[in-house]
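Each remark here refers to the structure printed beneath this line.
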Amino acid sequence: MPVQAFRSLPQHLTKLQQEVVSFPREGGGSLAVRGLPGTGKSTALMARLAALLREGRRPHEVLVLVPQRAQIERYERVLGGLAAPTRGGVDVVTFYALSKRAVALFWPLVADAAEFARPAREPTVLTVETAQDLRWRVVEPLITEKGYFSDLAIRRGRLLSQLIDNLNKSALVGFDYTDIYERLRQAWTGTPDRINSYWQAQDCAIRFRHYCLEHNLLDFSLTTEVYCRHLLTNEVYQRYLGARYRHLLVDNLEENVPVAHDFIDWAREEFQSTLLVYDGGGGYRIFLGADAVRGLEVVNGCSHQLTFGELLEPTAHCLAFSDALRRALKLQGGQASPTGEFRRAVANPGSEKYWIGMIRWVARQVAALVSDGIPAGEIAIVAPYVSEVMRFAIEEHLGQQGIRLYLLRPATSLRDDPVVRALLILTMLGHPDWQVIIQGRPYQMSVDDVALVLHVALAGLDPIRAHRLAKGALSDGRLADLSGGGAGGKPTQRLGQLWEYVGYQLRQRYETLRVWLETYHQGQAEPVDIFLSRFFGDLLSRPGYGFHEDPHRARAYGRLVESAYKFRSAAGLDQELDQEVVARGYVELILGGIASAEYLLDWPRPTPDAVVLAPAYAYLTRDLRSRHQFWIDLGSDGWWNRPNQPLTHPYVLSRHWESGRLWRDVEEEQTRREALGRVIQGLAARCTGTIYLASSELGIGGEEQGGQLQRAVMIAFTRRMDSG
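Rendered as structure tokens:
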């Protein structure tokens, strides 16, 4: 079946894909498609979407449900290239986006039932930043006055994220938020101190929920709960959904959450047609509430099922390798092709004594591939997690070979974007009287901070010269006058040497930047979003400055402005807060390391001229594909261990954990084994060429290494040699 009219779709579809496209449009039938990644399931779903619109069906009658925002772009590309009577108006959304939109639209129907204090008033939707700030207002007095969480050595950001995670889990799984304590307590087998912390976490959840209800605030958890409990059960809303949508398409069902699965169960009985796509071996987003088991129940409830078993990409050898590793982990093999030979999938492993030696080995192998004509964008370096030290080391060694690096690390804080951090420091330079407190200590602006600002703000200034300029520029929280006319005691000869090194053409740009900040400081202080917007329009977007015709930096700028505006809007509900306190509080919040989930999944696409560096889970959830993969730091326990979350538990706070059942070491080990097996299979299914294995005897901190993945590799190779 030719599909030349649609970008991102193949010229011809397979027989199974054609069956998906031609599945009846009427009659209420439901079709579930299962198979490994790379078998063409999502392509079939997109082809069906294209066919529906090409036939003249109204776009607003089609609902496409995806588990995360990053997947929406691929559908937008298909729709953008579609030759159809109408192509705009298709709803491609996450379940949360669907919930948020519906709650806003039908607020009068649910406000009373959900027990909001002011049902006649519109609610305020909280971002992650505002939710964490307001939660901190609730939690901080309990910590300082009542000693909450005193038995835990935990930073503010991690504490708040786990408290939020508990409420989110209750909403996404579908249990009452007042049951958090009982669920965690009944599964705990350790010391009583932890049980006390669970109770305190429950108390914080109750207090925060009451605060939201009292002030008409909607965080992620409350929005989801209001939608599922009060709106989705409302006959008026059900009739609206049934009249609006006729066709449901669901991609990556295994990565979605239980309440989304409940919605799908309801919708397929009401809509004229339903198509579900389920990746075998998935469920990587379990820490965000994904439930592959519940997804499989939805699959089994469909009236028709298809299994895609033929790999459309040459991954058979890699899958054979993953099967061997899974058996070494005492897990069942996956679904590898019988023609696959795992030894043909793996290059000669690189084993070094020191961690930095491993990094150098990886850089040499990547450089060799690129010199052989392999595009850098077809190469991925995958690690259990990516520290700043790892990123810097790999970027430096690849840079020496003229190879760019694309970092995919979505779980980082907003502040970890260099552009965002530079803008926050610029904001502080515009408000030198602020005393910014981070983690309980006054923040001391450093030369490195100012160097980053100058590198980002002044076009043509590289990091080395920016650091040299910053040494002379930092002066008591301000930028010093380095013009030579009023140098504040700086010798003219030294200034001449400085500008000779930095470049005289940058002197006027620096001086204009300094004067703008000084002029602003002498006037009336403004909220952060207004300050940044004015700064951008007045100076930073002009020729000679860092944001002129740079869409990537402008995008980061826009994210920060939007984030600051939403924070101010929510914080402004407290009439007693001074606007300057709100502005300074926002800078403290972001510099303190609060992650913004508004933008965690708003990553730009990897560029074809850059090697991808990503943690394994980020690579998998983004559903990237590569010709060559480097699995590095094989000996690290990061492949095996899950994040330390003393106040929450992704497996206990699920639908499948029986009330009163203990979480013991045996359950912990088995879940880790299964999680590693899923990662191995998922990575292999997304590699069409060769897997390079890299390890070091000593870790980054000098500790001896010998993790579970490295052991599984050794067992698999030994068995292969023994079998001849």
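If you're matching positions, the sequence shown starts at 279 in this note's numbering and goes up one per residue.
Ideal Cβ placement from N, Cα and C applies to all residues, glycine included.
Assess contact between the region 890–900 and the region 557–572, defined as three or more Cβ pairs (one per stretch) separated by less than 8 Å. Is contact present? They touch, by the three-pair rule.
What residue does the beta strand (DSSP E) around cysteine 506 start on, and which one ends it? Under the DSSP assignment, cysteine 506 falls outside any beta strand (DSSP E); it carries neither an H nor an E label.
Where DSSP assigns a beta bridge to glutamine 907, which residues make up the other side? Answer by DSSP bridge pairing, in chain order: Ala658 and Ile969.
Rank Asp601, Leu976 and Arg347 by C-alpha distance to the C-alpha of alanine 990 and give the top, closest one. For alanine 990, the closest of Asp601, Leu976 and Arg347 by C-alpha to C-alpha distance is Asp601.
Within 10 angstroms of its Cβ, does valine 806 collect 16 or more other Cβ (buried), or is it exposed? Label assigned to valine 806: buried.
Report the residue from Leu584, Val859 and Leu701 whose alpha carbon sits nearest the alpha carbon of tryptophan 712. It is Val859 whose Cα lies nearest to the Cα of tryptophan 712.
Report the residue ranges of all beta strand (DSSP E) runs contained in full by the region 360–448; include only those spanning at least 3 residues, in chain order. Inside the region 360–448, DSSP marks whole beta strand (DSSP E) runs of 3 or more residues at positions 369–371, from first to last along the chain.
CB of leucine 553 within 8 Å of CB of phenylalanine 825, strictly: Judged by beta-carbon spacing, phenylalanine 825 lies beyond the 8 Å limit of leucine 553, meaning their Cβ atoms are not closer than that value.
Buried or exposed (CB count within 10 angstroms, at least 16 for buried), aspartate 443: Aspartate 443 should be labelled buried.
With a threshold of 7 Å on Cβ separation, who are the neighbours of glutamate 876 within its own chain once the five nearest residues in sequence on each side are excluded? Note on glutamate 876: pLDDT 43, under 50, position unreliable in the model; the coordinate value appears next. If we look at glutamate 876 and ignore the five residues flanking it on each side, its Cβ neighbours are Thr405, Val406 and Ser841.
Distance between beta carbons of alanine 483 and tyrosine 455, contact taken as under 8 Å: The C-beta distance from tyrosine 455 to alanine 483 rounds to 6 Å, short enough to fall under 8 Å.
Three-state secondary structure (DSSP) at histidine 582? For histidine 582, the secondary structure class from DSSP, reduced to helix, strand or coil, is strand.
Threonine 705 Cβ short of 7 Å to the ligand GTP heavy atom set: In terms of ligand content, the structure shown is empty, and the ligand GTP therefore cannot be addressed.
Three-way DSSP call (helix, strand, coil) for glycine 755 in this model: The answer is coil: DSSP assigns glycine 755 none of H, G, I, E or B.
Which first and last residues belong to the beta strand (DSSP E) in which histidine 525 is found? Counting along the chain, the beta strand (DSSP E) containing histidine 525 begins and ends at 525–528.
With 16 other Cβ atoms within 10 Å as the buried cut-off, status of threonine 797: When all chains shown are included, threonine 797 counts as exposed.
Per DSSP, cross-strand counterpart(s) of threonine 552: The partner list for threonine 552 (beta bridge, DSSP) reads Ser308 and Leu526.
Leaving out the 5 sequence neighbours to the left and right, which residues in its chain are closer than 7 Å to alanine 391 when beta-carbon positions are compared? The answer, listed in chain order, is His508.
Would you check if the region 910–927 and the region 538–554 touch, i.e. whether three or more CB-CB distances between them fall below 8 Å? Cβ pair count under 8 Å is below three, so no.
Beta-carbon proximity check, alanine 570 vs histidine 927, cutoff 8 Å: For alanine 570 and histidine 927, no; Cβs fall outside 8 Å.
Looking at the structure shown, is isoleucine 542 part of a helix, part of a strand, or coil, going by DSSP? Here isoleucine 542 sits in helix by DSSP.
Does any C-beta atom of chain B lie closer than 8 Å to the C-beta of glutamine 289? Within the model displayed, chain B is absent; a lone protein chain is all it includes.
DSSP state of valine 244, grouped into three classes? In the structure as shown, the chain starts at 279 and stops at 1002, and residue 244 therefore has no counterpart that could be examined.
Is it a yes or a no for the region 740–751 touching the region 774–790, going by three-plus beta-carbon pairs under 8 Å? Flag = yes, the region 740–751 and the region 774–790 touch.
Which residues bound the beta strand (DSSP E) around glutamate 630? Element bounds for glutamate 630: 628–630.
Decide if serine 973 is buried, meaning its Cβ has at least 16 other Cβ atoms within 10 Å, or exposed. So serine 973 counts as buried.
Our contact map puts glutamate 975 next to lysine 631 with C-beta atoms below 8 Å; I'd like the distance itself, whole angstroms only. In this structure glutamate 975 is in contact with lysine 631, their Cβ atoms being roughly 5 Å apart against a cut-off of 8 Å.
When DSSP builds the beta bridges, which residues end up paired with serine 974? In DSSP, serine 974 forms a bridge with Glu630.
Leaving out five residues on either side along the sequence, give the residues of the same chain with a beta carbon under 8 Å from the beta carbon of valine 714. These residues qualify, in order along the chain: Met706, Pro720, Tyr721, Arg862, Val865, Glu866 and Leu869.
For aspartate 727, which residues in the same chain have their Cβ closer than 7 Å to its Cβ, ignoring the five residues on either side in sequence? Contacts found: Ile703.
On a CA-only basis, which of Leu692, Arg693, Phe670 and Asp694 is nearest leucine 683? Give me that one, please. Comparing C-alpha distances from leucine 683 to each of Leu692, Arg693, Phe670 and Asp694 shows the shortest one belongs to Phe670.
Using 8 Å as the threshold, is the C-beta distance between leucine 534 and serine 499 below it? Strictly speaking, residue 534 in this sequence is asparagine, with leucine absent from that position. The answer is no: Cβ separation not under 8 Å.
Report the rounded CA-to-CA distance for alanine 382 versus tryptophan 941, giving the unit in angstroms. Cα to Cα, the separation comes out at about 40 Å.
Helix, strand or coil: which one does DSSP assign to proline 829? It is helical.
Helix, strand or coil for glutamine 282? Go by DSSP, reduced to three states. The predicted model places glutamine 282 with a pLDDT of 32, which falls under 50 and marks its position as unreliable; any figure quoted below should be read in that light. In the structure shown, glutamine 282 falls within a coil segment according to DSSP collapsed to helix, strand and coil.
Compare the C-alpha of isoleucine 637 against each of Gln983, Val890, Glu513 and Asp911 and name the closest. Residue Asp911 is the option with its Cα nearest to isoleucine 637.
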